[in-house]
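S.K.:
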Amino acid sequence: ISSNMVVQVNEAVVWGKSSDPLNFTKVQVKVVNSNNVISSSWETKQVDNTLGDWSVTINVKDFSSSNTLVFEEHTSGGSINHVNLTNIAFGHVYLCSGQSNMAFSLSQAMDATAEIERAKSLPDLRVATVIETCKLTPIEFNITSKSKDYAWAAANDPKAINLNNWTYPSATCYLFGRY
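The number in the working numbering is simply the position in the sequence shown, starting from 1, with 948 added.
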């Protein structure tokens, strides 16, 4: 869960871990569109006060981009912690997985220069690449974590995950999403 991500339209579950597990009472998630209008709002239906785990099912029916997800964590003491995730798109999410076919980067593809140039005109196409890693225990993170293992990026953002030369994102996954 991070800025620039795509959230599945119709129904998606977002989750996290409270920064104050013993005192939090609920998490409220709001979608704020590019006109600063709150278009939707949901609350947790169940929380785990021992571990601080929470989840919220959100339902956005329309495809859109340039949204902000506002997370408000409410505690029993009355305080509210805010986390904003920006440039959120609502659309279809496709997970691409594989071995050597996913390691083939767009910069290696036929007509790579033209394809990379075309990506600059696709702000609603998002990519996320997870770094290959092996862990013996689950990876715990919350929405305020900054992970070095993955990042979401708009296809036209040259600053994110080395998109200026597309040496890391998968050509197979990018081309599937583009078409």
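Even for Gly, the Cβ is constructed at its ideal location relative to N, Cα and C.
Could you check what DSSP says for Phe972 in three-state terms: helix, strand or coil?
M.R.: Collapsing the DSSP output to three states places Phe972 in a strand.
S.K.: Helix or strand or just coil, what does DSSP make of Ile949?
M.R.: coil
S.K.: Would you check if the region 1003-1021 and the region 973-983 touch, i.e. whether three or more CB-CB distances between them fall below 8 Å?
M.R.: yes
S.K.: Roughly how many whole angstroms lie between the Cα atoms of Asn1015 and Pro1086?
M.R.: Each residue's alpha carbon lies about 30 Å from the other.
S.K.: Within this structure, are the beta carbons of Asn1104 and Leu1054 separated by less than 7 Å?
M.R.: no
S.K.: What are the boundary residues of the alpha helix (DSSP H) that includes Asn1049?
M.R.: 1048-1051
S.K.: Give the secondary structure of Ser1055 by DSSP, where H, G and I count as helix, E and B as strand, and everything else as coil.
M.R.: helix
S.K.: When you compare the region 1006-1026 with the region 954-963, are there three or more beta-carbon pairs, one atom per stretch, that lie closer than 8 Å?
M.R.: yes
S.K.: From the DSSP output, read off the bridge partner residues of Asn1029.
M.R.: Glu1021
S.K.: Using C-beta distances below 7 Å, list every residue in its chain close to Gln1056, excluding the 5 sequence neighbours before and after it, in chain order.
M.R.: Excluding residues up to 5 positions away in sequence, Ala1119 lie with their Cβ nearer than 7 Å to the Cβ of Gln1056 in the same chain.
S.K.: Please work out which residues of its chain come closer than 6 Å, Cβ to Cβ, to Cys1082, disregarding the five sequence neighbours upstream and downstream, and give them in chain order.
M.R.: Setting aside the 5 residues that flank it on each side, Cys1082 has no residue in the same chain whose C-beta is closer than 6 Å to its C-beta.
S.K.: At what residues does the beta strand (DSSP E) containing Thr1005 begin and finish?
M.R.: 1001-1006
S.K.: Short of 8 Å in beta carbon distance, which residues of its chain neighbour Met953, apart from the five on each side in sequence? Order them along the chain.
M.R.: Leu1033, Ile1036, Ala1037, Arg1074, Ala1076, Trp1100
S.K.: What number of angstroms, rounded off, separates the C-alpha of Gly1125 from the C-alpha of Ile986?
M.R.: 29 Å
S.K.: Identify, in the order they occur along the chain, each residue of the same chain with its Cβ nearer than 6 Å to the Cβ of Ser989, setting aside the five sequence neighbours on each side.
M.R.: Lys978
S.K.: Pull the bridge partners of Val1039 from the DSSP assignment, please.
M.R.: The sequence shown places Gly at residue 1039, rather than the Val named in the question. For Gly1039, which the question treats as bridged, DSSP gives the partners Gln956.
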